[in-house]
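Trainee:
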Amino acid sequence: MTKIIRAKPFIKWAGGKGALLGQINGMLPHVFFTNKDVTYVEPFVGGGALLFYVLNHFPTIKRVIINDINEDLIACYKIIKEEPKSLIGVLNGFDNIFWDLDQEEKKRYYYLIRGKYNQRNSNVLQQAAMFYFLNHTCFNGLYRVNSNSDFNVPFGKNSINRICNPDLIMADHTILNKVNVTILCGSYQQVLRHIRKFNKVFFYLDPPYLPISVTSYFKQYSNSPFEKEEQVELKYFCDIISNKGGLFMLSNSDCRTEDGASYFEQLYSEYYCHHVSAKRFINAHGDRRASTSEVLICNYKNKSFFRNP
Ligand SMILES: C[S@@+](CC[C@H](N)C(=O)[O-])C[C@H]1O[C@@H](n2cnc3c(N)ncnc32)[C@H](O)[C@@H]1O
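In this note's numbering, the protein residues as written are 1280 to 1588.
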């Protein structure tokens, strides 16, 4: 019998928002609680922690647009939405082989699949399944590529004992079919082409963070840079959303200028900036977690209390 489990991210993703959901929930706009046809847009969806959270909690959402620049990640979303059983089939194949191997053989198998993944000559399903396999067996679920765009994360010692979680894949499949979901792959700006009216449209923007310091935990999701210039461009994108009458919330690191001021508070000076704290891995070895300060910037005024959906 299939276990009933809640939809949630099917991968581990650097910068995932699982730890901040309570704080984000308290800052969602009023429209989520009062209107019946809200559109939720997440242009940097990653693992989709907030996406699955809002789909579980807010029946007011009638339309969803998600996007990410990572094509294998987006292929996973599409396959889970449209043909989850084919993904489960391929992942079960990995499980059948992997768990009978000893640790050295597991490691060799991991590098074999990583090599095949980087050749990029498999079909979309195989490529997405290898992405899923690597995410579950690599070091800390990291996604990092080198200058040739080759995935280069080493094998990790993981505590999991199964790669495929069919119940979770089916729960995600069900929720992604409950409302009208558009899944896009590419740079974040393209989501605008899919929206005609901005009234009751809420954007959650969670771009690659600007590092707090040069030693900050490094996240390179793709070969497209996301540095200061891109952060400023994203601010203009937020202005467009706001001018058209949409609502947005944006997350980023609470990085500081040389004189100690909050960089994002200054950049988004005409909006509302909230400082929140999150437990994150703080170094490149992924072995130290600490509370870091982050910002949530909104173009609407929040209630000062936390609401439960
Ligand atoms: C901080 S992560 C998002 C994490 C996500 N909120 C979660 O809960 O897992 C940032 C995401 O932006 C994506 N990305 C990077 N540059 C992008 C771009 N120019 N356009 C769209 N997505 C991009 C990365 O692939 C990554 O998934």
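The beta-carbon is built from N, C-alpha and C at its ideal position, and this holds for glycine as well.
Would you mind sorting lysine 1296 into buried or exposed? The rule is 16 or more other CB atoms within 10 Å of its CB.
Mentor: Buried, since its Cβ has 16 or more Cβ neighbours within 10 Å.
Trainee: Is it the case that the CB of isoleucine 1348 approaches a heavy atom of ligand 1 more closely than 8 Å?
Mentor: Yes - ligand 1 has a heavy atom lying nearer than 8 Å to the Cβ of isoleucine 1348.
Trainee: Write down the C-beta distance between leucine 1299 and tyrosine 1332 rounded to the nearest angstrom, noting that I regard them as a contact closer than 8 Å.
Mentor: With a Cβ gap of about 10 Å, leucine 1299 and tyrosine 1332 do not count as contacting.
Trainee: At what residues does the beta strand (DSSP E) containing isoleucine 1345 begin and finish?
Mentor: Counting along the chain, the beta strand (DSSP E) containing isoleucine 1345 begins and ends at 1340-1347.
Trainee: I'd like to check one pair, serine 1530 with tyrosine 1483: are the Cβ atoms closer than 9 Å?
Mentor: Yes, these two residues count as a Cβ contact at 9 Å.
Trainee: Quick check on the DSSP output: the alpha helix (DSSP H) that includes valine 1403 runs from which residue to which?
Mentor: Run containing valine 1403: 1403-1416, per the alpha helix (DSSP H) assignment.
Trainee: Would you say alanine 1328 and alanine 1450 are within 9 Å of each other, going by their C-beta atoms?
Mentor: In this structure, alanine 1450 does not lie closer than 9 Å to alanine 1328 by Cβ.
Trainee: Going by other Cβ atoms of all chains shown within 10 Å of its Cβ, with 16 needed for buried, is glutamate 1573 buried or exposed?
Mentor: Answer is buried; the Cβ neighbour count reaches 16.
Trainee: What residue range does the beta strand (DSSP E) around cysteine 1464 cover?
Mentor: Element bounds for cysteine 1464: 1459-1464.
Trainee: Could you check whether the region 1457-1474 touches the region 1332-1341, counting it as contact only if at least three pairs of C-beta atoms, one from each stretch, sit closer than 8 Å?
Mentor: Yes, they touch.
Trainee: Counting only the same chain and skipping the five closest in sequence on each side, list residues whose C-beta sits under 6 Å from that of tryptophan 1292.
Mentor: Excluding positions up to five away in sequence, the list reads Gly1325 and Gly1326.
Trainee: Across the region 1354-1368 and the region 1418-1436, are there enough close Cβ pairs to call them in contact, namely three or more that are closer than 8 Å?
Mentor: With the cut-off at 8 Å, the region 1354-1368 and the region 1418-1436 do not touch.
Trainee: Just the C-alpha distance for valine 1470 and leucine 1404, rounded to the nearest angstrom, thanks.
Mentor: Rounded to the nearest angstrom, the two C-alpha atoms are 24 Å apart.
Trainee: Which partner residues does serine 1532 have in the DSSP bridge list?
Mentor: According to DSSP, serine 1532 bridges with Glu1573.
Trainee: Thinking C-alpha only, which one of Tyr1319, Phe1481 and Phe1410 is nearest isoleucine 1353?
Mentor: The shortest C-alpha separation from isoleucine 1353 is found at Phe1410.
Trainee: Comparing alpha-carbon positions, which option in Pro1288, Arg1342, Phe1323 and Gln1302 lies nearest lysine 1479?
Mentor: With distances taken between Cα atoms, lysine 1479 lies closest to Arg1342.
Trainee: Among Lys1523, Gly1372 and Ile1439, which has the Cα closest to the Cα of asparagine 1578?
Mentor: Per the Cα distances, Lys1523.
Trainee: Could you tell me the alpha carbon to alpha carbon distance between phenylalanine 1311 and leucine 1391, rounded to whole angstroms?
Mentor: Those two C-alpha atoms are separated by around 46 Å.
Trainee: Quick one, which of Pro1490, Ile1284 and Ile1290 has its alpha-carbon nearest isoleucine 1439's?
Mentor: Answer by Cα proximity: Ile1290.
Trainee: Would you report the Cα separation of glutamine 1468 and glutamine 1510, rounded to the nearest angstrom?
Mentor: Cα-Cα distance, rounded: 13 Å.
Trainee: Once you ignore the five residues that flank glutamate 1321 on each side, which residues in its own chain have a CB closer than 6 Å to its CB?
Mentor: Taken in chain order, the residues that qualify are Leu1330, Ile1345 and Tyr1483.
Trainee: Leaving out five residues on either side along the sequence, give the residues of the same chain with a beta carbon under 8 Å from the beta carbon of leucine 1513.
Mentor: Tyr1467, Leu1484, Pro1486 and Leu1529, listed in sequence order.
Trainee: Quick check on tyrosine 1579: does DSSP put it in helix, strand or coil?
Mentor: Reduced to three states, the DSSP call for tyrosine 1579 is coil.
Trainee: Taking the beta strand (DSSP E) that phenylalanine 1543 falls in, what are its first and last residues?
Mentor: Looking at the DSSP string, phenylalanine 1543 is not in any beta strand (DSSP E); the run it does join, the alpha helix (DSSP H), is 1542-1546.
Trainee: Tell me the DSSP secondary structure of histidine 1554 in three-state form.
Mentor: Note: histidine 1554 maps to strand in three-state DSSP.
Trainee: Hey, could you find the ends of the beta strand (DSSP E) glutamate 1321 is sitting in?
Mentor: Counting along the chain, the beta strand (DSSP E) containing glutamate 1321 begins and ends at 1317-1321.
Trainee: Taking Cβ to Cβ, would you say glutamine 1382 is nearer than 9 Å to tyrosine 1396?
Mentor: Their beta carbons are not under 9 Å apart, which means glutamine 1382 does not touch tyrosine 1396 by this criterion.
Trainee: Nearest to valine 1424 by CA position, among Arg1393, His1415, Phe1516 and Lys1558, is which residue?
Mentor: Closest by alpha carbon: Arg1393.
Trainee: Would you kindly work out how many angstroms separate the C-alpha atoms of threonine 1494 and tyrosine 1356, rounded to a whole number?
Mentor: Legend: pLDDT at threonine 1494 = 48, less than 50; position of this residue unreliable, value from coordinates given subsequently. Whole-angstrom Cα-Cα distance: 32 Å.
Trainee: Relative to the alpha-carbon of serine 1532, which residue among Gly1525, Thr1571 and Tyr1388 has its alpha-carbon at the smallest distance?
Mentor: It is Thr1571 whose Cα lies nearest to the Cα of serine 1532.
Trainee: Going by DSSP, what residue range makes up the alpha helix (DSSP H) through tyrosine 1356?
Mentor: Run containing tyrosine 1356: 1350-1361, per the alpha helix (DSSP H) assignment.
Trainee: Of the choices Asp1538, Cys1534 and Leu1307, whose alpha-carbon is the least far from that of phenylalanine 1527?
Mentor: Looking at the Cα atoms, Leu1307 is the closest of the given residues.
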